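Structure first, then comments.
Number of protein chains: 2
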Amino acid sequence: MSKFEQTDPAVLHALEESLEKGDYSIVLELIRSLHPADQAKVFYELKPEKQEELLQELEIPEIADIFDELDDQQTLTAARNLPLPFLADIIDDMDPDEAADLLGDLSGQEVRKTISLMEEPEEVLPLLRYPDETAGGRMTTDFLVLGPDDTTDSAIQYLRSTGWETDIPYYLFVVNNKKELLGVMGLRELVCADPYKTINEIMNAQVVSVQAMQDQEEAAGVMKHYDLSALPVLNKQGHLVGVISHDDILDVLVDETTEDIYRLASVSDTALEPESKLFLQLKGRLPWLLLNTVTALIGSWVISNFGDLFVKVAVLAFFQSVVAAQGGNAASQNVAMIVRSLALGKLQPKKILPILLRQIAVGAFLGVVIGLIVGVGVSFWQSNPYLGLVLGLALLGNMLVASIVGTLAPLILEFSGQDPALASSVLVTAITDIIGFLIFLSLASLFLPLIQQYV
Amino acid sequence: MSKFEQTDPAVLHALEESLEKGDYSIVLELIRSLHPADQAKVFYELKPEKQEELLQELEIPEIADIFDELDDQQTLTAARNLPLPFLADIIDDMDPDEAADLLGDLSGQEVRKTISLMEEPEEVLPLLRYPDETAGGRMTTDFLVLGPDDTTDSAIQYLRSTGWETDIPYYLFVVNNKKELLGVMGLRELVCADPYKTINEIMNAQVVSVQAMQDQEEAAGVMKHYDLSALPVLNKQGHLVGVISHDDILDVLVDETTEDIYRLASVSDTALEPESKLFLQLKGRLPWLLLNTVTALIGSWVISNFGDLFVKVAVLAFFQSVVAAQGGNAASQNVAMIVRSLALGKLQPKKILPILLRQIAVGAFLGVVIGLIVGVGVSFWQSNPYLGLVLGLALLGNMLVASIVGTLAPLILEFSGQDPALASSVLVTAITDIIGFLIFLSLASLFLPLIQQYV
Numbered sequence: 001m002s003k004f005e006q007t008d009p010a011v012l013h014a015l016e017e018s019l020e021k022g023d024y025s026i027v028l029e030l031i032r033s034l035h036p037a038d039q040a041k042v043f044y045e046l047k048p049e050k051q052e053e054l055l056q057e058l059e060i061p062e063i064a065d066i067f068d069e070l071d072d073q074q075t076l077t078a079a080r081n082l083p084l085p086f087l088a089d090i091i092d093d094m095d096p097d098e099a100a101d102l103l104g105d106l107s108g109q110e111v112r113k114t115i116s117l118m119e120e121p122e123e124v125l126p127l128l129r130y131p132d133e134t135a136g137g138r139m140t141t142d143f144l145v146l147g148p149d150d151t152t153d154s155a156i157q158y159l160r161s162t163g164w165e166t167d168i169p170y171y172l173f174v175v176n177n178k179k180e181l182l183g184v185m186g187l188r189e190l191v192c193a194d195p196y197k198t199i200n201e202i203m204n205a206q207v208v209s210v211q212a213m214q215d216q217e218e219a220a221g222v223m224k225h226y227d228l229s230a231l232p233v234l235n236k237q238g239h240l241v242g243v244i245s246h247d248d249i250l251d252v253l254v255d256e257t258t259e260d261i262y263r264l265a266s267v268s269d270t271a272l273e274p275e276s277k278l279f280l281q282l283k284g285r286l287p288w289l290l291l292n293t294v295t296a297l298i299g300s301w302v303i304s305n306f307g308d309l310f311v312k313v314a315v316l317a318f319f320q321s322v323v324a325a326q327g328g329n330a331a332s333q334n335v336a337m338i339v340r341s342l343a344l345g346k347l348q349p350k351k352i353l354p355i356l357l358r359q360i361a362v363g364a365f366l367g368v369v370i371g372l373i374v375g376v377g378v379s380f381w382q383s384n385p386y387l388g389l390v391l392g393l394a395l396l397g398n399m400l401v402a403s404i405v406g407t408l409a410p411l412i413l414e415f416s417g418q419d420p421a422l423a424s425s426v427l428v429t430a431i432t433d434i435i436g437f438l439i440f441l442s443l444a445s446l447f448l449p450l451i452q453q454y455v
Numbered sequence: 456m457s458k459f460e461q462t463d464p465a466v467l468h469a470l471e472e473s474l475e476k477g478d479y480s481i482v483l484e485l486i487r488s489l490h491p492a493d494q495a496k497v498f499y500e501l502k503p504e505k506q507e508e509l510l511q512e513l514e515i516p517e518i519a520d521i522f523d524e525l526d527d528q529q530t531l532t533a534a535r536n537l538p539l540p541f542l543a544d545i546i547d548d549m550d551p552d553e554a555a556d557l558l559g560d561l562s563g564q565e566v567r568k569t570i571s572l573m574e575e576p577e578e579v580l581p582l583l584r585y586p587d588e589t590a591g592g593r594m595t596t597d598f599l600v601l602g603p604d605d606t607t608d609s610a611i612q613y614l615r616s617t618g619w620e621t622d623i624p625y626y627l628f629v630v631n632n633k634k635e636l637l638g639v640m641g642l643r644e645l646v647c648a649d650p651y652k653t654i655n656e657i658m659n660a661q662v663v664s665v666q667a668m669q670d671q672e673e674a675a676g677v678m679k680h681y682d683l684s685a686l687p688v689l690n691k692q693g694h695l696v697g698v699i700s701h702d703d704i705l706d707v708l709v710d711e712t713t714e715d716i717y718r719l720a721s722v723s724d725t726a727l728e729p730e731s732k733l734f735l736q737l738k739g740r741l742p743w744l745l746l747n748t749v750t751a752l753i754g755s756w757v758i759s760n761f762g763d764l765f766v767k768v769a770v771l772a773f774f775q776s777v778v779a780a781q782g783g784n785a786a787s788q789n790v791a792m793i794v795r796s797l798a799l800g801k802l803q804p805k806k807i808l809p810i811l812l813r814q815i816a817v818g819a820f821l822g823v824v825i826g827l828i829v830g831v832g833v834s835f836w837q838s839n840p841y842l843g844l845v846l847g848l849a850l851l852g853n854m855l856v857a858s859i860v861g862t863l864a865p866l867i868l869e870f871s872g873q874d875p876a877l878a879s880s881v882l883v884t885a886i887t888d889i890i891g892f893l894i895f896l897s898l899a900s901l902f903l904p905l906i907q908q909y910v
């Protein structure tokens, strides 16, 4: 990823200069020349006090557009210092789903006050019922419905009369008077249809939908699988309550990717950013490192059981980490492949045994190649063929262990209902480290008299 | 991610049974009851010989739909054994961009023969000019254009007459007679406009476009940034040659995510899957493990310079890996955060210094907490306060090193034009391992007389 064009630095510079001078006519001209997505980008890069100044100059609908484009955390920061009546006007103009996310991040008291000050809270209120991570939390309530008995011509007249500014401009949803979803129709089909046919005759009645309380990932999966650009959302009674659009699922995919990458790297707080506050950093990172402390000390305890080995043959202490490090890296490779296969829905249960066998074979080959290179290399370096033999065998053994652990750990997590990405570096390398030490030092004990001959 | 509904196992089972019995009427009935996306899923799960049997029974357009839904590798596998005239008919019916991808995967001779056998190669031929990874390789040529002087009413009549079955159903592109892009129009605007206005008057002339040879990631970035559902693609002469639709950018995002996750886990072949052939597994994984062999042996060499330490105080060998392991995990956390920030375009150059300082502070805090816990714990466990002191100080030092390396390594790669995700576990942990050993054993040498008092 990455490398998407940055906001033109010249615009940002001119903007900051004009803000500094208090020359708001130029500021507004510059800002208004930009697409809202770029306005948001520029806005986000301004210092907090400059952001406040700018908000005082912009029109309410302009601010709403910018807030729609900022991410949730950025919107909250910008909204925090605004007087509630002003904020209520902005939220009235925002996209309902973004407005609901912002309200959801305010305190209970602020939410009640803001809603009481809003002109049209009815678009947002239904969305507050659903948690952020559900289909209901992602949907918009700003879409158009038709009745099954309208003619296509009267439907087009109706749509023209509404002005038709909705979040879901190219799909129309057909509901009966109980608000039950009967079908869906693309604008193209409506326009191309015989003007005297009824909606009922031309709509597509085989419509894919999700439940409002379903996980947003499942909704994203359905949209991706069927290449949908709009997905209707139903409540428990089967009433159509909202629609998810294709740009929402991009956001879901991006969030899920961050979650996978963070979990694989043992960062437990998905919202953590490099510049997050110190306290948040510690909270999001320390738990895994503490777990690693425990597992590393278990490793130390395993090694301590071979304590006298190092007195007899100090050289063993030089190489014990080689075995552990190789196993850890090989296991991480396995975890990455399994986690990705599961995420893309490519891994069916009946494939698990063949995959495990394949990975054991891969581990054996990797172990033989690396075991030979390290074994022969160290034999010559330390002039000690038995040390090389022990290292080579330990590497082979630990590569086999790494293949099995790296393949099974994410699968076991998946089938016990956990996120397979929790089989992160800390967990999997802890096991390969400890077993790596055990194999190497056990073999060294076994071959000790032979190794000592060459020391 | 993950957990999207699997294909109904009952359908798959019934299908396999009917195929076994040769009862093709039931097979076809079952298959035809499914959405093409599900047909593709079922097809992919069949054994190769069953796939071949099924292909002989299906109609050409049905096969084309299934091939459109399979991923590139799966399509190639299924297409490989088909007679070229049959394959040419299928490719004629496929989406132009998928057809071009399939042709691009065939040998030069097969491509020439297949194209000569196709009825309508003109939709696909322009796409073969552009590499898979470019905007041109992702676009479709199946879209509709209007002239600027048409009236909206005549435009709607024209669209109705075409039947309007295109890959880009809700956007219309306005070009002059030199094929230069003048503007874009949503179907909604067309339908709502005054019937006597010209296209020129109602189109949006501020249209975002990309060059055909631009990287597909940049195109995806533009679409995501501006929430576009269709992005026009221009050639060097500024002619409109294709359009990228919103479902293509999902595919790009998914591919880029796989690339990031694989690179972070030191898997160099992004197409690798858990069940890929042994040879491919070795090719995709061995290079990084060999690099790790080299760095691990450098670590061994560093330790070997302190060789006599272990003879004097064997207990040091128990704990040297604790320091290295903690540093490696902390650095991986940093790399994950920086890589993700860069991928999401959130990391501006002016933020780098504050981020580095913040991360050094985080490293110091993590180091103090973990250093205290391990230091005090080991002091009591080994009844050796100076061993605890050395361990604690080494952990603090290595956490600081991990913060700096984990933050700077991906940034340096980014600014030298490389993928920041190449700052993978192997590279970054190699550095933190080696420096970790060095700090711990140097401190141990310094405090050796004091540590020995308690052994």
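The listed protein sequences correspond, in order, to chains X and S. Under my numbering, the first residue of the first sequence is numbered 1, with each subsequent residue one higher. Under my numbering, the first residue of the second sequence is numbered 456, with each subsequent residue one higher. Think of the CB as a built atom: it goes at the ideal place given N, C-alpha and C, for glycine as much as any other residue. These numbers were taken from a predicted model, which means no experiment stands behind them.
Name the residue from the options whose alpha carbon lies nearest to the alpha carbon of residue i.
i      : options                           : result
L501/S : E484/S, A519/S, V466/S and V770/S : V466/S
G592/S : L557/S, E575/S, G754/S and L513/S : L557/S
P83/X  : E52/X, P195/X and A324/X          : E52/X
L601/S : D874/S, N632/S and E575/S         : N632/S
I906/S : L844/S, T712/S and A857/S         : L844/S
V339/X : D604/S, L513/S and T712/S         : T712/S
T532/S : E517/S, D560/S and D548/S         : D560/S
T295/X : E275/X, P354/X, R32/X and T432/X  : T432/X
With respect to the alpha helix (DSSP H) encompassing residue i, which residues constitute its N-terminal and C-terminal limits?
i      : result
S245/X : Counting along the chain, S245/X falls outside any alpha helix (DSSP H), though it belongs to the beta strand (DSSP E) covering L240 to S245.
P503/S : P503 to E512
L353/X : I352 to W381
M337/X : L316 to A343
T530/S : D527 to R535
E165/X : Element bounds for E165/X: n/a, residue is neither H nor E.
S913/S : Any property of residue 913/S remains undetermined from this structure, which presents chain S solely from 456 to 910.
S116/X : G108 to L117
H225/X : Q216 to H225
N747/S : L733 to S759
D649/S : No alpha helix (DSSP H) holds D649/S; DSSP gives it neither H nor E.
P385/X : P385 to F415
E472/S : P464 to K476
My assumption, with CB atoms under 8 Å, is that residue i sits in contact with residue j. Please give the rounded CB distance.
i      : j      : result
V426/X : W288/X : 5 Å
G638/S : V662/S : 6 Å
V374/X : T748/S : 6 Å
L510/S : L474/S : Not confirmed; about 12 Å, so no contact.
Q211/X : L190/X : Wrong, their Cβ atoms sit about 27 Å apart, outside the cutoff.
L811/S : T862/S : 5 Å
For residue i, which of helix, strand or coil comes out of DSSP?
i      : result
Y626/S : strand
E180/X : strand
G186/X : strand
V663/S : coil
L103/X : helix
V145/X : strand
Please report the residue range of the beta strand (DSSP E) in which residue i lies.
i      : result
G436/X : First-last for G436/X: S425 to L446, but that is the alpha helix (DSSP H), not the beta strand (DSSP E).
A230/X : A230 to L234
Quiz item: How do the stretch 519-531 of chain S and the stretch 479-495 of chain S stand: do at least 3 beta-carbon pairs fall below 8 Å, yes or no?
Solution: Verdict: yes, contact present.
Quiz item: Are three or more beta carbon pairs between the stretch 261-270 of chain X and the stretch 238-246 of chain X nearer than 8 Å?
Solution: No contact exists between the stretch 261-270 of chain X and the stretch 238-246 of chain X.
Quiz item: Does the stretch 543-557 of chain S come within contact of the stretch 569-586 of chain S, defined as at least 3 CB pairs closer than 8 Å?
Solution: Note that the stretch 543-557 of chain S touches the stretch 569-586 of chain S; at least 3 beta-carbon pairs, one per stretch, sit closer than 8 Å.
Quiz item: Is it true that the stretch 342-350 of chain X meets the stretch 429-440 of chain X, where meeting means three or more beta-carbon pairs spaced less than 8 Å apart?
Solution: Segments in contact, no.
Quiz item: If you pair each beta-carbon of the stretch 661-674 of chain S with each one of the stretch 588-602 of chain S, do three or more pairs fall below 8 Å?
Solution: Yes: the two stretches touch, three or more of their Cβ pairs being nearer than 8 Å.
Quiz prompt | the stretch 760-779 of chain S contacting the stretch 297-316 of chain X, beta-carbon criterion three pairs below 8 Å | solution = Short answer: they touch.
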